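Be aware that the sequence shown starts at 69, since it is given in the numbering used here, and climbs by one per residue. These notes concern the structure reproduced below.
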Amino acid sequence: MKNLTLPLQGAQMLFVAFGALVLMPLLTGLDTNVALFTAGIGTLLFQLITKRQIPIFLASSFAFIAPIMYGVQTWGIPSTMGGLMAAGCVYVVLATIVKVRGAGFIKRLLPPVVVGPVIIVIGLGLAPVAVNMAIGKTGDGSLVLIEQNTALIISLASLFTTIAVAIFAKGMLKLMPILAGISVGYGLSLAFGIVDFSPVANASWIAMPNFVAPEFNWHAILFMIPVAIAPAVEHIGDILAISNVTGKDFIKKPGLHRTLAGDGVATIASSAFGGPPNTTYSEVTGAVTLTKAFNPVIMTWTAITAILLAFVGKLGALMQTIPVPVMGGIMCLLFGSIAAVGLNSLIKNHVDMNEPRNLSIVGVTLVFGIGGMAFGIGSFSLTGISLCGIIAILMNLVLPDNAAAHEKIVSDDLDQI
Numbered sequence: 069m070k071n072l073t074l075p076l077q078g079a080q081m082l083f084v085a086f087g088a089l090v091l092m093p094l095l096t097g098l099d100t101n102v103a104l105f106t107a108g109i110g111t112l113l114f115q116l117i118t119k120r121q122i123p124i125f126l127a128s129s130f131a132f133i134a135p136i137m138y139g140v141q142t143w144g145i146p147s148t149m150g151g152l153m154a155a156g157c158v159y160v161v162l163a164t165i166v167k168v169r170g171a172g173f174i175k176r177l178l179p180p181v182v183v184g185p186v187i188i189v190i191g192l193g194l195a196p197v198a199v200n201m202a203i204g205k206t207g208d209g210s211l212v213l214i215e216q217n218t219a220l221i222i223s224l225a226s227l228f229t230t231i232a233v234a235i236f237a238k239g240m241l242k243l244m245p246i247l248a249g250i251s252v253g254y255g256l257s258l259a260f261g262i263v264d265f266s267p268v269a270n271a272s273w274i275a276m277p278n279f280v281a282p283e284f285n286w287h288a289i290l291f292m293i294p295v296a297i298a299p300a301v302e303h304i305g306d307i308l309a310i311s312n313v314t315g316k317d318f319i320k321k322p323g324l325h326r327t328l329a330g331d332g333v334a335t336i337a338s339s340a341f342g343g344p345p346n347t348t349y350s351e352v353t354g355a356v357t358l359t360k361a362f363n364p365v366i367m368t369w370t371a372i373t374a375i376l377l378a379f380v381g382k383l384g385a386l387m388q389t390i391p392v393p394v395m396g397g398i399m400c401l402l403f404g405s406i407a408a409v410g411l412n413s414l415i416k417n418h419v420d421m422n423e424p425r426n427l428s429i430v431g432v433t434l435v436f437g438i439g440g441m442a443f444g445i446g447s448f449s450l451t452g453i454s455l456c457g458i459i460a461i462l463m464n465l466v467l468p469d470n471a472a473a474h475e476k477i478v479s480d481d482l483d484q485i
């Protein structure tokens, strides 16, 4: 039984990530089975580079949705993949800078007053997606998939089952609240007759993913390279979030240079097969927060499960039959857990909200991130997590830190005494 615990927990983590993992390729016209395969390969490469020390899973990055859609329409999938491969190289360059300069300047660049609200936005910025799915709509709310009252019954049952198992269950069951929530929600979905099995009937048992080789088009490369800078901020926020959750400083060990390089190499490998760029998944961080499953080996099993599912057509199709309210109900809890981690970061580090500088940084970051503020030039735009992260960093660098200056003067006076 003990030998089955880690594989089952790994499969549970894939359930958590599955909705977002496949939604990204569905929106951009890429193959979902390729996304599963490259998520698994990318996670294994990340673990290799970071010496398997971080309990985190890598999969399709939402930050690249708009650029990929533009790239596919303008240059086609192969050239877009070449541009994404160059974007992955940007991560490797950033990792090299961190290796040479050290992670210290990153901490100066990203103090708690910056990190806290960015982590909150990572959680709450996804809240509309969770709520839309919980009431039976698509993630963007544009299409009603299931009648709202039926969807609410299913999503709330999934949510409360997850909470109940996390709090009251004993033994191995306590480690799988999300799987329990999915099981109950799926059972109710079957009872309501809203599960569509036609994708399973039409799928082959064994199916090769539609791999696409990259082509190198300078226009696509120059378009994609700047896009990579913004998700790097999100990556750092995710690493700091999982550090807070586990109580370990992953910025120091295995080092931010390794995590950035791991993310970059995973994205390069993914684009080599025709998959979406990889990033650390906030959903899985929320699951780790909930289950306290800090063993990185669990993510190895998550990666292996993803790779296997990429080649099993009917099983992959079966996972796609999970109705959106089931995942939406569970995500309401997971995304809130991430936001709570960011709030705890502000509290733990005694960030003074009476200080106008701190209040300005936190306030603007939260409103820009959650409100959906967007800045753009032509087809290139910044919004959401990427934008608010950059704004928080710039405000922290530009606004004078009067409190820190005052503390230094007081400290100098005490030293003279």
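Glycine residues also receive a C-beta, built at the ideal position from the N, C-alpha and C atoms. Just so it is clear, the structure is predicted and the values come from calculations on it, not from any experiment.
- In the structure shown, the three-state DSSP call for Lys167 is helix.
- Segment contact: the segment 386-400 against the segment 220-233, three or more CB-CB distances shorter than 8 Å; contact assigned.
- Between Thr347 and Met81, the alpha-carbon positions lie close to 15 Å from each other.
- If you draw a straight line from the Cα of Gly108 to the Cα of Val197, it comes to about 24 Å.
- Going by DSSP, Ala275 is part of no beta strand (DSSP E) at all; its letter is neither H nor E.
- In the DSSP assignment, no residue is bridged to Phe403.
- In the three-state reduction of the DSSP assignment, Ser311 falls in the helix class, which pools H, G and I.
- Only buried fits Pro135, as 16 or more other CB atoms lie within 10 angstroms of its CB.
- With respect to the C-alpha of Leu76, the residue from Phe265, Met367, Gly332 having the closest C-alpha is Met367.
- Straight across, the Cα-Cα distance linking Ala371 with Val181 is about 34 Å.
- Cβ neighbours of Ala378 within its own chain (closer than 6 Å, five residues either side excluded): Asn101, Leu104, Phe105, Pro277.
- In the pairwise beta carbon analysis, the segment 141-159 is classified as touching the segment 330-344: at least three pairs are separated by under 8 Å.
- Under the three-state reduction of DSSP, Val212 is assigned to strand.
- With respect to the 8 Å criterion, Ala248 and Thr229 are classified as neighbours on the basis of their beta carbons.
- With respect to the C-alpha of Ser266, the residue from Phe284, Ile250, Leu383, Gly439 having the closest C-alpha is Leu383.
- Looking only at Ala361, Thr96, Leu192, Ala88, the smallest Cα-Cα distance to Gly404 is reached by Leu192.
- Considering only Ser257, Leu467, Pro245, Phe436, the residue with the shortest C-alpha distance to Pro424 is Leu467.
- Taking a C-beta distance under 8 Å as the contact criterion, Asp306 and Ser350 qualify as a contact pair.
- Remark: fewer than three beta-carbon pairs, one from each stretch, lie closer than 8 Å, so the segment 357-364 and the segment 250-266 are not flagged as touching.
- Each residue's CA atom was taken as its position, placing Met463 and Ala408 some 23 Å apart.
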